[in-house]
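Once you know that position 8 of the sequence shown is 8 in UniProt numbering, the rest is easy, because the numbers rise by one and skip nothing.
Notes follow the structure.
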Amino acid sequence: MKKETLRHHAHIVNDALYYIYRHIDSPITLEVLAERNRTSVYHFHRIFKEVTGRNFYDTLQSIRLQKAANLLIVNKKEKVSMIAQQCGYSTHSAFIRAFRQRYALTPTQWREGGYLAFSRENIRYSDNVPRIASNFTGLKPAIVKMPAIRVAYIRHRGYNRSIADVWQRLYAYAVEHGLEQARQIGLHHDNPSIVPLEECAYVAAIEIPDDFEVSGSVSSFVIPSSLCARFTMQGRYGEVPNLIRYIYHTWLPESGFEAKTLPPYVVYRRNHFLEADERFDLDFYLPVSVI
Numbered sequence: 001m002k003k004e005t006l007r008h009h010a011h012i013v014n015d016a017l018y019y020i021y022r023h024i025d026s027p028i029t030l031e032v033l034a035e036r037n038r039t040s041v042y043h044f045h046r047i048f049k050e051v052t053g054r055n056f057y058d059t060l061q062s063i064r065l066q067k068a069a070n071l072l073i074v075n076k077k078e079k080v081s082m083i084a085q086q087c088g089y090s091t092h093s094a095f096i097r098a099f100r101q102r103y104a105l106t107p108t109q110w111r112e113g114g115y116l117a118f119s120r121e122n123i124r125y126s127d128n129v130p131r132i133a134s135n136f137t138g139l140k141p142a143i144v145k146m147p148a149i150r151v152a153y154i155r156h157r158g159y160n161r162s163i164a165d166v167w168q169r170l171y172a173y174a175v176e177h178g179l180e181q182a183r184q185i186g187l188h189h190d191n192p193s194i195v196p197l198e199e200c201a202y203v204a205a206i207e208i209p210d211d212f213e214v215s216g217s218v219s220s221f222v223i224p225s226s227l228c229a230r231f232t233m234q235g236r237y238g239e240v241p242n243l244i245r246y247i248y249h250t251w252l253p254e255s256g257f258e259a260k261t262l263p264p265y266v267v268y269r270r271n272h273f274l275e276a277d278e279r280f281d282l283d284f285y286l287p288v289s290v291i
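As structure tokens, then:
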């Protein structure tokens with residue numbers, strides 16, 4: 001397959017995933033996404049499976065259920081039926097059936113503590129993410145209004161050391177285009193304590209000017225403006241999943257805030273995926289609203 005074709009296919013899939021994450025509360029069909037990319041439904045589905053290795057509707061349902069599982073934990077005062085709607089389920093019964101099939105629990109059982117046992121099982125780190133006993137006692141966020149940020153990005157599936165390869169590619173792209181001083185940003189679409197690490201969706205991104213035109217396999221999107229809880233932290237590789245777990249499972253339920261469906265992101269001052277000693281210095285931004 002020609003390089004230009006590979007790049008075009010990557011762009012189509014990136015656009016589709018961006019649309020899914022931004023419109024997770026809406027009906028999403030192959031027809032809509034195919035039309036956005038000016039291709040047939042058959043051609044779009046073939047490209048999606050070719051690039052991701054996954055069936056489109058399986059991917060869509062997985063994203064919906066992962067988002068719902070997280071919202072059930074952090075938004076305990078929200079009705080289950082409302083969370084189902086926020087994640088794109090048109091009927092309460094369809095949501096319960098799909099949720100039970102994936103997690104072997106009803107949404108209510110999950111919310112009432114079932115997620116803790118699931119999390120303990122899931123948090124068994126692979127060799128790529130070592131066990132680290134992190135202490136977040138006293139860690140509190142600042143509540144800030146974050147402006148929109150336009151970024152160039154590369155997607156990655158799995159939270160492990162292979163993310164470093166993506167960052168090397170993106171950094172090389174930044175150098176080639178005079179953007180080596182651009183802010184480095186990582187988006188975490190999934191909570192790694194309830195989503196298997198090999199399935200976690202991660203996005204490596206750099207901030208770009210409004211008039212910058214992306215090229216090649218690198219795409220662009222805008223991180224929306226939002227009220228955020230900002231956590232500042234320094235540490236080493238393996239601690240970020242622990243930080244995310246602490247924020248979602250400990251801080252957020254007692255905070256008086258609830259998480260939005262927008263993904264959280266980190267802004268690196270020191271990016272552990274690009275450092276030989278694997279140490280980081282970052283701000284973690286969780287989009288929130290007041291309960």
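Even glycine gets a Cβ: it sits at the ideal position worked out from N, Cα and C.
task = Go ahead and label E254 buried or exposed: buried means 16 or more other beta carbons lie within 10 angstroms of its beta carbon, across all protein chains shown.
result = When all chains shown are included, E254 counts as exposed.
request  = Report the residue from P287, L6 and E4 whose alpha carbon sits nearest the alpha carbon of P147.
outcome  = For the residues P287, L6 and E4, the minimum Cα distance to P147 belongs to P287.
task = Run the CB neighbour count on A104, radius 10 Å, all protein chains shown included, and call it buried at 16 or more, exposed below.
result = That one is exposed.
request  = Could you check what DSSP says for E199 in three-state terms: helix, strand or coil?
outcome  = It is helical.
task = Check each candidate in Q234, A229 and I291 and name the one with the smallest Cα separation from P264.
result = With distances taken between Cα atoms, P264 lies closest to A229.
request  = Taking all protein chains shown into account, decide if V290 is buried (16 or more other Cβ within 10 angstroms of its Cβ) or exposed.
outcome  = Of the residues assessed, V290 falls on the exposed side of the cut-off, its CB having fewer than 16 other CB atoms within 10 angstroms.
task = Use the C-beta contact count for H11: other C-beta atoms within 10 angstroms, 16 or more gives buried, fewer gives exposed.
result = If you draw a 10 Å sphere on the C-beta of H11, you find 16 or more other C-beta atoms in it, and that means buried.
query = What is the DSSP secondary structure of E207, counted as helix, strand or coil?
reply = E207: strand per DSSP, three-state reduction.
Cut-off 8 Å between Cβ atoms - residues of its own chain near G256, not counting five sequence neighbours on either side = Residues V290 and I291 of the same chain have their beta carbon placed closer than 8 Å to that of G256, with the five preceding and five following residues left out of the count.
task = Scan the region 102-127 and note each continuous alpha helix (DSSP H) run of 4 residues or more that stays entirely inside, going in chain order.
result = The qualifying runs are 115-122.
I80, enclosing alpha helix (DSSP H) - first and last residue = In the sequence under discussion, the amino acid at residue 80 is Val, which differs from the Ile named in the question. Residues V80 to Q86.
Burial state of V74 (16 or more Cβ within 10 Å) = V74 is classed as buried because its beta carbon has at least 16 other beta carbons within 10 Å across all chains shown.
message = Considering only their Cβ atoms, is the gap separating C200 from Y246 smaller than 7 Å?
response = Their beta carbons are not under 7 Å apart, which means Y246 does not touch C200 by this criterion.
ask   = Could you check where the alpha helix (DSSP H) with K67 kicks off and where it finishes?
value = Element bounds for K67: F56 to V74.
message = Could you give the first and the last residue of the continuous alpha helix (DSSP H) run that contains F44?
response = Where F44 is concerned, the enclosing alpha helix (DSSP H) stretches over V41 to T52.
Cβ pair count under 8 Å reaching 3, the region 174-187 against the region 201-213 = A contact between stretches requires three or more CB pairs, one per stretch, nearer than 8 Å, and the region 174-187 meets this requirement with the region 201-213.
key: Reduced DSSP secondary structure (H/G/I, E/B, other) of Y89   = Correct three-state label for Y89: coil.
ask   = So which of H156, L72 and T137 has the shortest CA-CA distance to L116?
value = When only C-alpha atoms are compared, the closest one is L72.
ask   = In angstroms, rounded to a whole number, what distance separates the CA positions of S193 and V175?
value = If you take the alpha carbons of S193 and V175, they lie about 34 Å apart.
message = Using 8 Å as the cut-off, can you tell me whether the region 57-65 makes contact with the region 19-28, which would need three or more C-beta pairs spanning the two stretches below that distance?
response = Verdict: yes, contact present.
message = Quick check on the DSSP output: the alpha helix (DSSP H) that includes Y173 runs from which residue to which?
response = In the DSSP assignment, Y173 falls within the alpha helix (DSSP H) that extends over I163 to E176.
ask   = In whole angstroms, what is the alpha-carbon distance linking R150 and R169?
value = Straight-line Cα distance between these residues: approximately 19 Å.
Outcome for R270 when other beta-carbon atoms lying within 10 angstroms are tallied against a minimum of 16 = By the 10 Å Cβ count, R270 comes out exposed.
Backbone CA spacing between S225 and K145 [nearest angstrom] = The straight-line gap from Cα to Cα measures roughly 7 Å.
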